[in-house]
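The listed protein sequences correspond, in order, to chains A and B.
Going by the numbering used here, the first sequence opens with residue 21, and the numbers climb by one from there.
Going by the numbering used here, the second sequence opens with residue 132, and the numbers climb by one from there.
Note that beta-carbon positions come from the ideal geometry of N, C-alpha and C, so glycine has one too.
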Amino acid sequence: MAAKGKTVPLTGNYAIAEAMRQINPDVVAAYPITPQTSIVETFSKFANDGRVDTEIVRVESEHSAMSACVGASMAGARAMTATCSAGLALMYEIVGVASGLRCPIVMPVANRAISAPINIHCDHSDSMGARDLGWIQIYNETAQEAYENVFLALKLAEHPDIQLPVMVCEDGFITSHCVQNVRIYDDAVMKKFAGERKPIHSLLDLKEPISVGAIELQDYFFETKRQQQDAMEKVPKVYLEVAEELSKITGNKYGFFEEYKMKDAEAVIVTMSSAAGTTRAVVDKMRNEGKKVGLLKIRLFRPFPYEEVARALSKAKNVAVLDRSMSFGAHAPLYGEIRNALYEMEKKPGLQSYVFGLGGRDLLESHVRQAFNDMLTGKVSREKRYLGLREASE
Amino acid sequence: MKAEKFPTEKQTVKKQGWKDIPEGGIITRAASAKMNKTGSWRAFRPVIDESKCINCAMCVLNCPDNAIPFRDGKRGPVNLDYCKGCGICASVCPVKCIKMEEETKFRK
Chain A
21 MAAKGKTVPL TGNYAIAEAM RQINPDVVAA YPITPQTSIV ETFSKFANDG
71 RVDTEIVRVE SEHSAMSACV GASMAGARAM TATCSAGLAL MYEIVGVASG
121 LRCPIVMPVA NRAISAPINI HCDHSDSMGA RDLGWIQIYN ETAQEAYENV
171 FLALKLAEHP DIQLPVMVCE DGFITSHCVQ NVRIYDDAVM KKFAGERKPI
221 HSLLDLKEPI SVGAIELQDY FFETKRQQQD AMEKVPKVYL EVAEELSKIT
271 GNKYGFFEEY KMKDAEAVIV TMSSAAGTTR AVVDKMRNEG KKVGLLKIRL
321 FRPFPYEEVA RALSKAKNVA VLDRSMSFGA HAPLYGEIRN ALYEMEKKPG
371 LQSYVFGLGG RDLLESHVRQ AFNDMLTGKV SREKRYLGLR EASE
Chain B
132 MKAEKFPTEK QTVKKQGWKD IPEGGIITRA ASAKMNKTGS WRAFRPVIDE
182 SKCINCAMCV LNCPDNAIPF RDGKRGPVNL DYCKGCGICA SVCPVKCIKM
232 EEETKFRK
């Protein structure tokens, strides 16, 4: 059933809080950190005004926030939190516990740089640093996408075949604090979509008592980790099922990635989150100039859709990958994955890494244009390139 | 020294594969800790001189593994399936009737 909803001017954080209001989770335990704060601040107002039944747990740190969520989740509750940057770093230990114990916790992340130097603005170094902790990661370009993907994440996380936590990432300040038009769908429809969590096991189930968090040493730890990999491998199928269900409400598409003017594109930029908006604008302008350029916007980063990405890039001549974080001493995270995806292809496109936007540095149209022009003229190499970085004093 | 001879209990347990165990390492039955016989960790064994024991139950109360039983007003023998050999019983015994002896002496 399609839901009309209403279009309202909202920040990304407010839109995410609206999704949480409609979901009405049993427990939200969180600690404020810029630029995530207004998600939980807004949600707390909803709770205070009696618009949700959620038990808000005011904890003393993110380590405790995730710990409270894990406890609640293992007790069968629908638990949520939100964080970024230093907060994500502080909860790191329990982030691994959440996925290891198979807690379907949904956590919005307003991407922000990891210190030092201290910086409150956007890059992806926080969630990229946590990419191997066993969480599903969905990156969102707009407030609308973030709002809708909170619902997708919830149903994906709680699916009996999955039982894994999900990070729903938006760009700090750029998306979290900028006001955009967001269509908030009808409460009744979204509440029905969210439904109730049906836990497989619960600490509060007296008929089937369980122990949680017991030690596993050389004898069983390996097997438990193998199960997590199995669940991750089942994500793509369930993701598309949930996406189809959500699409019936919103009319929007939720592929692993978005292909924009890719059909005959010779030069392609692969990127994520808000940078895709800038890139799309440049694609439109350059298309008007007759240049065959296109955009591949990755949404699902964990698990990474290697085969599908390889197919999508199979016709491109040259591909530029724009990363908003670095992996010091290694390939930048997204570039590394694209490089992996292309390995099995017989006819590989040229591939070039660009890092941009660290610590909130703006990605300008001229930067995107520069990357496209490099791809159109075959300037592809294995060197690491940087967009918007000063090589010398101005 | 024939230390390589123990532990043996765990080696005989048939282990399950990743497809057969509950997800997230949860334990789905009560009192499963009983299966984990920690006595195999023991390097020293408490040996009680019954002629000196005054049956005060200090060892019973202080044993962190509840490995010393107390029934019908009498202390029983140390349960060696679970005694880790920590020596707390010997330490708290007011008449010093518990002696910690090297486990290898008993495993020949």
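Query raised in the report: Which residues in the same chain as Pro29/A place their Cβ atom closer than 8 Å to its Cβ, once the five residues preceding and following it in sequence are excluded?
Result: Your numbering for residue 29/A matches position 9 in the first sequence. Around Pro29/A: Val199, Gln200, Asn201 and Val202.
**Report entry** Reference Met100/A; option with closest CA among Ile318/A, Ile230/A and Arg217/A
**Finding:** For the purposes of this step, residue 100/A is taken as residue 80 along the first sequence, with counting starting at 1. Nearest of Ile318/A, Ile230/A and Arg217/A to Met100/A, Cα basis: Arg217/A.
Query raised in the report: What residues in the stretch 328 to 342 of chain A bring their beta carbon closer than 8 Å to a beta carbon of chain B?
Result: none
**Report entry** Collapsed DSSP secondary structure at Ala51/A in the structure displayed
**Finding:** Your numbering for residue 51/A matches position 31 in the first sequence. Position check: residue 51/A holds Tyr in this sequence, whereas Ala was assumed. Of the three classes helix, strand and coil, the one that applies to Tyr51/A here is coil, per DSSP.
Query raised in the report: Using DSSP with H/G/I as helix, E/B as strand and the rest coil, what is Ile219/B?
Result: What you label residue 219/B is simply residue 88 of the second sequence in a count that begins at 1. Ile219/B falls in the helix class under three-state DSSP.
Query raised in the report: Which of the three DSSP states, helix, strand or coil, is assigned to Ile269/A?
Result: Position 249 of the first sequence holds residue 269/A. It is helical.
Query raised in the report: Could one say the Cβ of Ala95/A lies closer than 9 Å to chain B's Cβ atoms, at least one of them?
Result: For the purposes of this step, residue 95/A is taken as residue 75 along the first sequence, with counting starting at 1. No - not a single Cβ of chain B is within 9 Å of the one on Ala95/A.
Query - Under the three-state DSSP convention, the category Met252/A falls into - result: Locating residue 252/A in the first sequence gives position 232, counting from the first residue. The answer is helix: DSSP assigns Met252/A an H, G or I state.
Report task. Kindly say whether Ile158/B, judged by its beta-carbon, lies nearer than 9 Å to any beta-carbon of chain A. Result -> Taking the first residue of the second sequence as 1, we reach residue 158/B at position 27. Cβ-Cβ to chain A under 9 Å: yes for Ile158/B.
Query raised in the report: Can you check whether the CB of Gln183/A is closer than 9 Å to the CB of Pro128/A?
Result: Along the first sequence, read from residue 1 onward, the residue named residue 128/A stands at position 108. Along the first sequence, read from residue 1 onward, the residue named residue 183/A stands at position 163. Contact: no.
**Report entry** Boundaries of the alpha helix (DSSP H) in which Met395/A is found, first to last residue
**Finding:** On the first sequence, position 375 is the one that residue 395/A refers to. Counting along the chain, the alpha helix (DSSP H) containing Met395/A begins and ends at Glu385 to Leu396.
Requested in this report: Select from Thr159/B, Lys150/B, Ile152/B and Arg202/B the residue whose C-alpha is nearest the C-alpha of Ser231/A.
Outcome: Numbered from its first residue, the first sequence carries residue 231/A at position 211. For Ser231/A, the nearest C-alpha among the options comes from Thr159/B.
Query raised in the report: For Leu371/A, which option in Gly349/A, Ser401/A and His387/A has the closest C-alpha, if you only look at C-alpha atoms?
Result: Here residue 371/A is taken as the residue at index 351 of the first sequence, counted from 1. Checked all of Gly349/A, Ser401/A and His387/A; the closest Cα to Leu371/A is Ser401/A.
Query raised in the report: Is the Cβ of Asp152/A closer than 9 Å to any Cβ of chain B?
Result: As a first step, residue 152/A is located in the first sequence; it is residue number 132 there, counting from the start. No, its Cβ sits nowhere closer than 9 Å to a Cβ of chain B.
Query - Euclidean distance between Cα positions of Met148/A and Arg122/A - result: Walking along the first sequence from the start, residue 148/A turns up at place 128. Walking along the first sequence from the start, residue 122/A turns up at place 102. Cα to Cα, Met148/A sits roughly 20 Å from Arg122/A.
Query raised in the report: Between the stretch 84 to 98 of chain A and the stretch 34 to 42 of chain A, are three or more C-beta pairs nearer than 8 Å?
Result: no
Query raised in the report: Within 9 Å (strictly less), CB to CB, does Ser87/A reach chain B?
Result: Numbered from its first residue, the first sequence carries residue 87/A at position 67. No, no contact with chain B.
Report task. Check whether the Cβ of Ala234/A lies closer than 9 Å to any Cβ atom in chain B. Result -> For the purposes of this step, residue 234/A is taken as residue 214 along the first sequence, with counting starting at 1. So yes, Ala234/A belongs to the interface.
Report task. Under 6 Å Cβ to Cβ from Arg389/A, same chain only, skipping five residues before and after it: list those, please. Result -> Numbered from its first residue, the first sequence carries residue 389/A at position 369. Cβ neighbours of Arg389/A beyond the five flanking positions: Val302.
Query raised in the report: Contact between the stretch 249 to 258 of chain A and the stretch 303 to 312 of chain A: three or more CB pairs below 8 Å?
Result: no
Query raised in the report: What first and last residue would you give for the alpha helix (DSSP H) that runs through Met148/A?
Result: As a first step, residue 148/A must be located in the first sequence, where it is residue number 128. Where Met148/A is concerned, the enclosing alpha helix (DSSP H) stretches over Ser145 to Gly149.
Report task. Kindly give me the distance between the Cβ atoms of Arg78/A and Cys104/A, rounded to whole angstroms, as I take these residues to be in contact under 8 Å. Result -> Counting from 1 along the first sequence, the entry for residue 78/A is found at position 58. Counting from 1 along the first sequence, the entry for residue 104/A is found at position 84. About 18 Å separates the two Cβ atoms, so there is no contact after all.
Query - the stretch 170 to 189 of chain B / the stretch 275 to 294 of chain A touching (three or more Cβ pairs under 8 Å) - result: no
Query raised in the report: Quick check: the stretch 270 to 278 of chain A against the stretch 162 to 178 of chain B, are there 3 or more CB pairs under 8 Å?
Result: no
Report task. Report the residue from Leu110/A, Thr27/A, Met94/A and Gly25/A whose alpha carbon sits nearest the alpha carbon of Pro52/A. Result -> Position 32 of the first sequence holds residue 52/A. For the residues Leu110/A, Thr27/A, Met94/A and Gly25/A, the minimum Cα distance to Pro52/A belongs to Leu110/A.
Query raised in the report: Going by DSSP, which residues form a beta bridge with Pro128/A?
Result: Numbered from 1 along the first sequence, position 108 holds the residue referred to as residue 128/A. Val188/A, per the DSSP bridge assignment.
**Report entry** Partner residues on chain A for Ala161/B, Cβ-Cβ distance less than 7 Å
**Finding:** Here residue 161/B refers to the residue found at position 30 of the second sequence. Near Ala161/B (Cβ distances below 7 Å), the residues of chain A are Pro229.
Requested in this report: Could you check the C-alpha separation between Val115/A and Pro208/B for me, to the nearest Å?
Outcome: By 1-based counting over the first sequence, the position of residue 115/A is 95. By 1-based counting over the second sequence, the position of residue 208/B is 77. Spanning the two alpha carbons is a distance of roughly 45 Å.
Query raised in the report: On the three-pair Cβ rule with 8 Å, is the stretch 207 to 224 of chain A touching the stretch 144 to 152 of chain B?
Result: no
Query raised in the report: When the cut-off is 9 Å and only beta carbons count, does Gly218/B lie next to chain A?
Result: The count along the second sequence starts at 1 and reaches residue 218/B at position 87. Taking Cβ atoms only, chain A never reaches closer than 9 Å to Gly218/B, which makes this a no.
**Report entry** Neighbour-count burial assignment, Tyr274/A, 16 or more Cβ in a 10 Å radius
**Finding:** In the first sequence, the residue the question calls residue 274/A occupies position 254. Tyr274/A comes out buried.
Query raised in the report: Excluding sequence positions up to five away, which residues of its chain have a Cβ less than 8 Å from the Cβ of Gly297/A?
Result: Reading the first sequence from its first residue, position 277 is the one you call residue 297/A. Glu161 and Thr162, listed in sequence order.
Requested in this report: Check whether the Cβ of Arg122/A lies closer than 9 Å to any Cβ atom in chain B.
Outcome: The residue labelled residue 122/A in the question sits at position 102 within the first sequence. Yes - at least one Cβ of chain B is within 9 Å of the one on Arg122/A.
Query raised in the report: When you check each C-beta in the stretch 170 to 190 of chain B against every C-beta of chain A, which residues fall closer than 7 Å?
Result: none
Requested in this report: Could you tell me if Gly192/A is buried or exposed, where buried requires 16 or more neighbouring beta carbons within 10 angstroms of its beta carbon?
Outcome: By one-based count along the first sequence, residue 192/A stands at place 172. Under this definition Gly192/A is a buried residue.
Query raised in the report: If you measure from the beta carbon of Lys146/B to each beta carbon in chain A, is any gap under 9 Å?
Result: Numbered from 1 along the second sequence, position 15 holds the residue referred to as residue 146/B. Chain A contact via Cβ: present.
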